[in-house]
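Number of protein chains: 2
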Amino acid sequence: MASQVLRILGRPGLYANYSIFRHVCSRSMSSNITTSFAVTYKTHGDPKKVLEGKELPLPSKIKDNEVLVKMLMAPINPADINMIEGTYMIKPPLPAVVGNEGVCEIVDVGSNVKSLKVGDWALPVDSGSGTWQTYAVYEEKGLLQIANDIPAISAATIAVNPCTAYRMMKDFVTLEPGDVVIQNGANSAVGQAVIQLAAAWGLRTVNIVRNRPDIDDLVATLKSQGATHVVTQEFCRTPEMKTLMKELDKPPKLGLNCVGGKAATELLRNLANNGYMVTYGGMSREPVTVPTGVFIFKSLKLHGFWMSQWNKENVNSPQRTEMLTELCDLARQSKLLAPISDLNPIRSFENAVSKSLQGFSNKQILVMDD
Amino acid sequence: MASQVLRILGRPGLYANYSIFRHVCSRSMSSNITTSFAVTYKTHGDPKKVLEGKELPLPSKIKDNEVLVKMLMAPINPADINMIEGTYMIKPPLPAVVGNEGVCEIVDVGSNVKSLKVGDWALPVDSGSGTWQTYAVYEEKGLLQIANDIPAISAATIAVNPCTAYRMMKDFVTLEPGDVVIQNGANSAVGQAVIQLAAAWGLRTVNIVRNRPDIDDLVATLKSQGATHVVTQEFCRTPEMKTLMKELDKPPKLGLNCVGGKAATELLRNLANNGYMVTYGGMSREPVTVPTGVFIFKSLKLHGFWMSQWNKENVNSPQRTEMLTELCDLARQSKLLAPISDLNPIRSFENAVSKSLQGFSNKQILVMDD
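Here the protein sequences line up with chains U and F, keeping their order.
The opening position of the first sequence corresponds to residue 1 in my numbering, with each subsequent residue numbered one higher.
The opening position of the second sequence corresponds to residue 1001 in my numbering, with each subsequent residue numbered one higher.
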């Protein structure tokens, strides 16, 4: 299958166990590609049971407004798991190919396609487009071109989590250098993006994580990403936490909540007057509970945020392009690294999914290296 | 004590049991006024126990930047009760005179006073200024002039509740005629102001109240104020509520919550995507609880609102003048009536406070008719 160019990932050493080859395909080559290996499901249910790898036929010729792409990498995100389970807000018609996020390389373009050319990299515009497969045909308008000189793993994981972090820090309250952001679930993929973006923008972060056996390693990792403080949930209820918050001089203007329950109340307790808490997840499966007194007297503002909804409202908005450009620039400068990840060949998806369902696991990435 | 002019209240018939006299005072007269009858408290506690009526001495001469006022009327608000109990955010130094809201008439002005003249009506600028007394001395900057051609009871009750209703409908989401506002505690003073302002602005309201023995009368009263729908909390969980909401054609963009607990969740359930719920009270003493799914997928926005804080940030802002002018205009046109009230001579404050502590009671107003 054509010549292969070795592409070194942007994070030297971290993924040394796995070599990634970027396929350089030519237009003529595309005719050889007749099927796509895809991770599919016919019914909603336990991801360990309902997923099935299949060779799906590709059309023999693409239409004028279509492109043929080779998927390069796709992450396993919580939204993918929920979508398989049938508990996610978006439910693609079944049978479906799994996958909301990922980066692809353009292999062939239809005669009317203007914005993409062979060799470009692109991201799917919409959620639920089925990125867990080796090849796919998209309409031109279904893809958004992205820099192809950043690590593939960064491109594959930039659309959901770093974009969520970016928007939450841009769209609710104006943050100036030195301002403080407090977040729970700080070691989530979004949390790690928050830490790095905040550091790049001169913001300080207070990062709350659950206690765990390797807590010291985790603290060191998050600090190496630029975290100002990393504390456990248990620490939050000690007098030392009060001291720490006091020493910041100014209370956090922004809290980011992906846990809910007590972990959300913890953020509220520490927010400044007129502070915002943005909720983008509910890992504890407990609701967000707001004591009325603090709510009113601190004039708190609590917003739910869903990246898919924002994308829907900003399909081709200048804000979206500006955001992706800035995030790619930061990735290029190694100021925004992909989350700590395990790379898995797509054909080992079962193992990758199992690992993603374990507590305290790294981000799992599927690699399409056929 | 000088001549007295009978002033008829703006709501004919409603207060026929109580005649209100407005004192027309002259500058020379002010020298006769040596004490103020005031409702005071030395310690925080049960309002039925800690309140004490006292004759407080007035200064023999006011300073150049001060005014002497005769209080005309002051309402008993929940904030007053909480302040006496010591559970309110603002705690004036003790001993203190009770009262956050009320209207006064200027009786004498210091030589440097520019914005107020004898005969003007005014409202205290700040919370906790002690309006439950017959006379008081204020700095000029502590008072805000207000129209004196509206009913005294409207002026006395305009600063807290109608202003809260006004701001909550202006500052969070842009409402167009035909849009829907949903609220709980709809028969509260704020709730009644919401209904009337919404009607004046061409908005529709869905008003949730607790069931009570005289529910039919309550529904009739709120409808006469302009309520589109009045329903009980129990009704909210029936299929008929769904039908009612569907027939509105568009879901509410704004929910107003002064109850908390399940009554707040009821509002969230019915809000439009991107809808706002503003919390300004917690009568149930239960927190606001937000299920994560609806929070994120509907991109809900929950804000706490505290009028005192807004006032603090808008002491002399054009927005405050504009708001009071519009509210006075509506009061003058009888489009904004004072809440259904019982009028009580200030010397019967004990009885008035007791009544205000009973469930389902009318708003209690103290009248200074010495």
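We treat Cβ as the ideally placed atom computed from N, Cα and C, and that holds for glycine.
Computed from a prediction, not measured in an experiment: that's the story for all the values here.
Beyond the five residues adjoining it in sequence on each side, F/P1095 comes within less than 6 Å, by CB distance, of T1040 and K1042 in the same chain, given in chain order.
Contact of F/G1282 with chain U is assigned, a C-beta pair being separated by under 7 Å. For a cut-off of 8 Å, the C-beta gap from U/L68 to U/I62 is around 5 Å, short enough to register as a contact.
U/L267 is the residue among U/E101, U/L267 and U/N82 whose C-alpha sits nearest the C-alpha of U/P291. Assigned with DSSP and collapsed to three states, F/G1255 falls in strand. Here the segment 129-136 of chain U lies against the segment 66-85 of chain U, with 3 or more beta-carbon pairs under 8 Å apart. Residue nearest to F/V1219 within the set F/N1187, F/A1199, F/T1238 and F/V1180 is F/N1187 (criterion: CA-CA distance). The C-beta of F/I1081 comes no closer than 7 Å to any C-beta of chain U. With respect to chain U, the C-beta atom of F/P1251 has no partner C-beta closer than 7 Å. Its Cα nearest to that of U/R237, the residue U/A263 stands out among U/F37, U/A263, U/G255 and U/P213. In this chain, the beta strand (DSSP E) harbouring F/F1037 covers T1035 to Y1041.
In summary, F/P1213 is exposed, with fewer than 16 beta-carbon neighbours lying within 10 Å of its beta-carbon over all protein chains present. Per DSSP, reduced to three states, the secondary structure at F/Q1364 is strand.
When 7 Å is used as the limit between beta carbons, F/P1287 is near these residues of chain U: T289, V290, P291 and T292, in chain order. Going by DSSP, F/R1204 is part of the beta strand (DSSP E) stretching over R1204 to V1209. Closer than 7 Å at the C-beta level to chain F, one finds no residue of the segment 311-324 of chain U. Taking the beta carbon of U/S299 as reference, the chain F residues within 8 Å of it are H1303, G1304, F1305, W1306 and Q1309, listed in sequence order. Per DSSP, the unbroken beta strand (DSSP E) holding F/Y1138 starts and ends at Y1135 to E1139. M1089: these are the residues of the segment 1069-1101 of chain F whose beta carbon lies less than 8 Å from some beta carbon of chain U, given in chain order. Residues C328 of the same chain have their beta carbon placed closer than 6 Å to that of U/A147, with the five preceding and five following residues left out of the count. The three-state reading of DSSP puts U/N351 in helix, counting H, G and I together. Annotation: F/M1168 is outside any beta strand (DSSP E); the continuous alpha helix (DSSP H) that includes it extends over N1161 to K1170. Looking at the DSSP output, F/Q1192 bridges to nothing.
Below the 8 Å Cβ cutoff, chain F contributes no neighbours of U/G191, its closest Cβ being approximately 16 Å away. As DSSP reads the structure, F/E1105 sits in a beta bridge with F/K1070 and F/W1121.
Here the segment 1326-1346 of chain F lies against the segment 1138-1158 of chain F, with 3 or more beta-carbon pairs under 8 Å apart. Annotated three-state conformation of F/L1327 is helix, per DSSP. For the pair U/N207 and U/L222, the CB atoms are nearer than the 7 Å cut-off. The Cβ-Cβ distance between U/F295 and F/T1164 does not fall below 7 Å. At a Cβ-Cβ threshold of 7 Å, F/N1344 and F/A1352 count as neighbours. If you check the CB distance, F/N1273 and F/K1301 do not come in under 7 Å. Here F/Y1276 is bridged, per DSSP, to F/L1254 and F/K1301. Annotation: F/G1185 has no Cβ neighbours in chain U at a cutoff of 7 Å; minimum Cβ distance is about 12 Å. Counting C-beta atoms within 10 angstroms of its own C-beta, U/E66 has 16 or more neighbours from the protein chains shown and is therefore classed as buried.
Within chain F, the C-beta atoms nearer than 7 Å to that of U/I296 come from T1279, Y1280, G1304, F1305 and W1306, in chain order. By the 16-neighbour rule on beta-carbons within 10 angstroms, F/F1349 is buried.
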